[in-house]
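Each residue of the sequence shown is one higher than the last, beginning at 1253 in this note's numbering.
Working notes, beginning with the structure itself.
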Amino acid sequence: MKRTIVSLLFLLLVQCGLAALLYWPGNSDTGDARHLLDSRAALRVDAIRIADDRDNEVLLQNLHGRWVLPDLHNLPADHAHIQELIDTLTRPPRGFPVAESAAARQRFRVASYHYKRRLTFLGNGEALATIYLGRSPAYRAVYARSDSYPAIYRLQYNNHDAPATPDAWLDPGLLAIEGPRAIAIDGTQLRRDDQGRWRGAAGSAPEPRELAALLDALATLTVQGLADEDAQRSLAESGRAARRLRVEYNGQSILLELFRDGERYYVHDSRYPPFLSLSRRQYQRLMDIDIASLAPLIDTNN
1253 MKRTIVSLLF LLLVQCGLAA LLYWPGNSDT GDARHLLDSR AALRVDAIRI
1303 ADDRDNEVLL QNLHGRWVLP DLHNLPADHA HIQELIDTLT RPPRGFPVAE
1353 SAAARQRFRV ASYHYKRRLT FLGNGEALAT IYLGRSPAYR AVYARSDSYP
1403 AIYRLQYNNH DAPATPDAWL DPGLLAIEGP RAIAIDGTQL RRDDQGRWRG
1453 AAGSAPEPRE LAALLDALAT LTVQGLADED AQRSLAESGR AARRLRVEYN
1503 GQSILLELFR DGERYYVHDS RYPPFLSLSR RQYQRLMDID IASLAPLIDT
1553 NN
């Protein structure tokens, strides 16, 4: 009896040793796959191409340290969103691979011809890695595989966090203006002096609470996305701004124009070509600024 137990324990130790050898990083074909995206390769990434199973595709590009959307006039992309994607793929997945066979790739939808998402990471025009995201077995879980290895892992991520449409990667805070030098709103002009004090055209101080509301609205201005094609055309041809703000910021003179079409709200920033959509709250915060209260002692006929 004791000899049998010893033999079984010996076999168990041998199996554990073989498993450790098989999955130890660097000792097998599947070991390196524990990093779906190699951290050294990640440092070289300057573009990411994302495709989905509906023939949508988006390119994210890093130009001079800034992620932009070439398909959207190089509008700023959401850096935090992109960094989350890269960080997720460079971290080792938890646990061992769930499968490795060719049949499993198709079943989990991580094959090169059958996937939910295909992520291609590029550096200087060269493909550094291709990763497939497939079926989702649960919330915040998705099957993933690197094109370089057969191992399929269960990853803590969602497919919808890697959309293949440019609008979804737009930086929502691309219009935010924090610490402007001067503001002209509907004819009323305000300027900040070297001591940080705001003064109107006549030299008097603006009403503090209204000024604070205006500065906060500019600093926290967020967009929902691009206006659709019909709205782009209509606003460009015959749109009449409900309010205009001229802002001096970082050596630039920026014109912000607010538009409303029924219950849809838009903004145009002179730094960027397209019209962008706003929430009603964001629109109303700027429209509710009361010029008379903002600078009651200032001549507003400038």
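Ideal Cβ placement from N, Cα and C applies to all residues, glycine included.
Rounded separation between residue i and residue j - CA only
i     : j     : result
G1431 : R1449 : 12 Å
D1423 : G1317 : 15 Å
W1276 : T1340 : Because W1276 carries a pLDDT of 44, less than 50, the predicted location of this residue cannot be relied on, and no value is offered for it.
A1488 : Q1476 : 19 Å
D1482 : L1507 : 23 Å
S1545 : L1466 : 11 Å
L1374 : R1495 : 43 Å
I1541 : F1511 : 15 Å
Q1484 : E1515 : 16 Å
I1338 : P1415 : 14 Å
A1469 : L1497 : 12 Å
Q1307 : T1382 : According to the sequence shown, residue 1307 is Asp rather than Gln. Cα to Cα, the separation comes out at about 17 Å.
Boundaries (first-last residue) of the beta strand (DSSP E) holding residue i
i     : result
L1380 : 1378-1385
A1453 : Careful: A1453 lies outside any beta strand (DSSP E) and carries neither H nor E.
R1301 : 1299-1304
F1373 : 1369-1375
A1309 : Here the sequence assigns Glu to residue 1309, which means Ala is not the residue at that position. Residues 1309-1315.
R1406 : 1404-1407
Where the alpha helix (DSSP H) through residue i begins and ends
i     : result
S1291 : 1291-1294
H1331 : 1331-1342
I1543 : 1543-1546
R1359 : 1354-1359
Residue i - DSSP class collapsed to helix/strand/coil
i     : result
Y1535 : helix
L1427 : coil
D1399 : coil
H1412 : helix
D1438 : coil
D1468 : helix
L1463 : helix
A1363 : strand
A1493 : coil
R1392 : coil
R1346 : coil
L1487 : helix
Member of the options whose CA lies at the smallest distance from the CA of residue i
i     : options                    : result
A1355 : R1492, A1453, G1375, A1403 : A1403
G1503 : L1478, A1434, A1494, Y1518 : A1434
F1527 : R1516, L1478, I1543        : L1478
D1558 : T1382, A1457, N1314, R1359 : With the chain running from 1253 to 1554 in the structure shown, residue 1558 is simply not present.
Y1518 : F1348, D1413, M1539        : M1539
L1212 : A1453, Y1365, E1378, N1376 : Since the first and last residues shown for the chain are 1253 and 1554, residue 1212 lies out of range.
I1543 : A1464, D1445, R1387        : A1464
A1329 : L1312, I1338, R1343, E1336 : L1312
I1334 : Q1534, R1516, A1294, A1396 : A1294
H1520 : E1500, R1537, R1369, G1491 : G1491
D1513 : Q1358, N1410, S1486        : S1486
Opposing strand residues paired with residue i [DSSP bridges]
i     : result
V1475 : Its beta-bridge partners do not exist; DSSP assigns none.
S1529 : G1477, Y1518
P1328 : V1320
G1448 : In the DSSP output, where bridge partners are listed per residue, G1448 has none listed.
Y1501 : Q1504
D1513 : R1516
Cβ-heavy atom distance, residue i to the ligand ADP, below 8 Å
i     : result
H1287 : This structure lacks the ligand ADP; in fact it carries no ligand of any kind.
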